[in-house]
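Just below is one structure, and these are the notes that go with it.
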């Protein structure tokens with residue numbers, strides 16, 4: 001699996017080469033990777049954090 | 001007179017007169033002159049042509065040698081210029097290659113970072129982190145409940161009616177118990193503090209029963225805010241210190257009474273109270289004794 005930066009490099013390269021199909025694929029992969037990271041980050045939070053604070 | 005005239009005179013002395021002779025002479029001379037001129041012209045032309053040829057040949061040779069020399073020199077100049085330009089072009093190529101390798105790499109990284117940041121901000125705008133967190137929480141809570149149901153073997157019907165009440169009741173009981181425990185803990189802490197204080201007072205009162213008022217006050221004051229173990233450990237030491245100081249003060253007073261009989265001239269010594277807080281326990285007792293000087 002490609003690194004996120006590598007994917008962005010590939011995206012930029014494909015956009016420059018007007019290879020839009022591959023660029024679209026790269027963009028989807030990058031966005032989905034970023035969303036996954038956000039979800040992973042929020043999963044690490046305590047589920048009952050607010051109830052404990054109260 | 002010319003030779004031709006003499007000859008004609010000699011040949012035709014009977015035939016030719018003077019005028020004829022002169023005329024012949026003139027014609028002859030003209031013809032000779034003409035011929036001589038023609039010959040001279042031809043010879044001159046031939047000489048000139050020969051000279052021209054010679055000079056042309058020489059000039060051609062000269063031109064050839066000059067051409068060769070110039071060609072040679074120009075070749076050298078071209079070679080030198082070529083070498084110089086080639087060297088400079090190589091430098092330019094090297095410079096641009098390094099620029100491409102270093103600066104372009106940096107630029108590429110910057111572009112990648114910018115695109116990444118832009119995508120981050122776009123995602124943040126489109127799908128806020130709070131929404132993601134909420135969705136994640138919901139999903140996790142749902143999974144947790146699902147697992148709990150499975151674990152407790154609770155189906156939907158039970159969950160909706162009896163178990164819900166039981167769970168609510170259980171939560172209520174737990175909350176009440178928690179509050180009661182907190183209250184008991186507070187009460188227990190208060191009681192423990194009170195007991196400690198009572199034990200301390202009892203210990204001090206037992207031990208100072210036979211002491212006079214000053215000594216009792218000193219002991220009480222000294223051990224205010226101290227715990228029981230500290231008091232037990234240091235009580236005897238404090239009492240001894242007080243007795244020693246009291247004895248010393250008594251001795252001093254006795255000596256003063258003996259030596260200074262005139263009370264009018266007695267100098268009143270200023271007692272200076274120090275507000276410095278002693279750091280050690282011994283210093284603290286000494287300070288207290290000094291304050292209560294007898």
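Protein chains in written order, with my numbering: chain A, 1 to 54; chain P, 1 to 294. Using N, Cα and C, we set each Cβ at its ideal position, and we do this for glycine too. Treat the numbers as computed from the prediction; the structure is a model and nothing was measured.
Can you check whether the C-beta of residue i is within less than 8 Å of a C-beta belonging to chain A?
i: residue 117 of chain P; result: no
i: residue 141 of chain P; result: yes
i: residue 199 of chain P; result: no
i: residue 100 of chain P; result: no
i: residue 120 of chain P; result: yes
i: residue 221 of chain P; result: no
i: residue 176 of chain P; result: no
i: residue 171 of chain P; result: no
i: residue 133 of chain P; result: yes
i: residue 108 of chain P; result: yes
i: residue 66 of chain P; result: no
i: residue 129 of chain P; result: yes
i: residue 206 of chain P; result: no
i: residue 181 of chain P; result: no
i: residue 231 of chain P; result: no
Kindly give me the distance between the Cβ atoms of residue i and residue j, rounded to whole angstroms, as I take these residues to be in contact under 8 Å.
i: residue 57 of chain P; j: residue 25 of chain P; result: With 8 Å as the limit, residue 57 of chain P and residue 25 of chain P do not qualify as a contact, their Cβ atoms being about 47 Å apart.
i: residue 136 of chain P; j: residue 42 of chain A; result: 4 Å
i: residue 120 of chain P; j: residue 25 of chain A; result: That pair is no contact at about 20 Å.
i: residue 219 of chain P; j: residue 198 of chain P; result: Incorrect: roughly 17 Å between the Cβ atoms, too far for contact.
i: residue 38 of chain A; j: residue 129 of chain P; result: 6 Å
Helix, strand or coil for residue i per DSSP?
i: residue 53 of chain P; result: helix
i: residue 106 of chain P; result: helix
i: residue 260 of chain P; result: coil
i: residue 43 of chain A; result: helix
i: residue 209 of chain P; result: coil
i: residue 179 of chain P; result: helix
i: residue 294 of chain P; result: Confidence in residue 294 of chain P is poor, its pLDDT being 47 and thus under 50, which makes the residue's placement too unreliable to answer from.
i: residue 13 of chain P; result: coil
i: residue 201 of chain P; result: helix
i: residue 240 of chain P; result: helix
i: residue 14 of chain A; result: helix
i: residue 101 of chain P; result: helix
i: residue 226 of chain P; result: coil
i: residue 127 of chain P; result: coil
i: residue 28 of chain P; result: helix
i: residue 84 of chain P; result: helix
i: residue 217 of chain P; result: helix
i: residue 120 of chain P; result: helix
i: residue 19 of chain P; result: helix
i: residue 75 of chain P; result: helix
i: residue 2 of chain A; result: coil
Determine the contact status of residue i and residue j, defining contact as a CB-CB distance below 8 Å.
i: residue 242 of chain P; j: residue 221 of chain P; result: no
i: residue 12 of chain A; j: residue 123 of chain P; result: no
i: residue 45 of chain A; j: residue 133 of chain P; result: yes
i: residue 228 of chain P; j: residue 211 of chain P; result: no
i: residue 112 of chain P; j: residue 8 of chain A; result: yes
i: residue 16 of chain P; j: residue 8 of chain P; result: yes
i: residue 47 of chain A; j: residue 178 of chain P; result: no
i: residue 207 of chain P; j: residue 230 of chain P; result: no
Any beta carbon from chain P within less than 8 Å of residue i's own beta carbon?
i: residue 42 of chain A; result: yes
i: residue 5 of chain A; result: yes
i: residue 45 of chain A; result: yes
i: residue 16 of chain A; result: no
i: residue 25 of chain A; result: no
i: residue 36 of chain A; result: no
i: residue 54 of chain A; result: Residue confidence for residue 54 of chain A is low, a pLDDT of 41 falling below 50, so the modelled location carries little weight; the figure read from the coordinates is stated next. Residue 54 of chain A does not count as touching chain P.
Near residue i, what residues of its chain come up, given a Cβ to Cβ distance below 8 Å and the 5 sequence neighbours on each side ignored?
i: residue 4 of chain A; result: 30, 33, 34
i: residue 22 of chain A; result: 10, 14
i: residue 13 of chain P; result: none
i: residue 28 of chain P; result: 4
i: residue 39 of chain P; result: none
i: residue 196 of chain P; result: 227, 228
Does the beta carbon of residue i fall short of 7 Å from some heavy atom of the ligand PLP?
i: residue 70 of chain P; result: With respect to the ligand PLP, the structure offers nothing, as it holds no ligand at all.
Can you list, in chain order, the residues of its chain whose CB lies under 7 Å from that of residue i, leaving out five sequence neighbours each side?
i: residue 67 of chain P; result: none
i: residue 79 of chain P; result: none
i: residue 223 of chain P; result: 204, 231
i: residue 45 of chain P; result: none
i: residue 21 of chain P; result: 5, 8, 9
i: residue 138 of chain P; result: none
Report all residues from its chain with a CB closer than 6 Å to the CB of residue i; omit the five preceding and five following residues, and keep chain order.
i: residue 209 of chain P; result: none
i: residue 191 of chain P; result: none
i: residue 185 of chain P; result: none
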